[in-house]
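Under this note's numbering, the first residue of the sequence shown carries the number 102, and numbering increases by one thereafter.
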Amino acid sequence: MTAISAQQDEQLLAELGRCETGVWDALIRGDIAADAAALADNFLGVYADGFAVKADHVQSLEHGATMQSYDLSSMRVMALGADHAVLSYRADFLRVGQARPEAMYISSIWQRTAAGWINVFSQDTSAVD
């Protein structure tokens, strides 16, 4: 873990918040290209139904949007090194075709590259309310 100033922490939180929102926006739009661009080639997702790689995540949009709406809250960030950080937050969302909203706590690891931040790992944990 790398120590960073409060100002750097706020900047990192804002940057990664925008990146994560971009992924959710792609799910709302059914935007395969935006989803693929946000994920590293070696992306790994850990979900209630098992593991997913980049191709799995992108293919979920093959027939269009997967989400109707979302709200991200309680965001927090932790630098994991000079070019890596984990963003953790709560997501309240409604899937396409569903009537009941869901909630999860999510942690995503992002890597800074020459082209910008890219998501290398994400894990979802169902919220118990």
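We put the CB at the ideal spot given by N, CA and C, even for glycine.
* Run of the alpha helix (DSSP H) containing residue 158, from where it starts to where it stops -> 155-160
* Beta-bridge pairing of residue 185 - partner residues as DSSP gives them -> 212
* Asked: Are the beta-carbon atoms of residue 231 and residue 168 separated by less than 8 Å?
  -> Because the chain is modelled from 102 through 230, residue 231 falls outside the range shown and cannot be assessed.
* Neighbour-count burial assignment, residue 239, 16 or more Cβ in a 10 Å radius -> Only positions 102 to 230 of the chain appear in this structure, which leaves residue 239 out of reach.
* To do: Could you spell out where the alpha helix (DSSP H) holding residue 136 opens and where it closes?
  => 133-139
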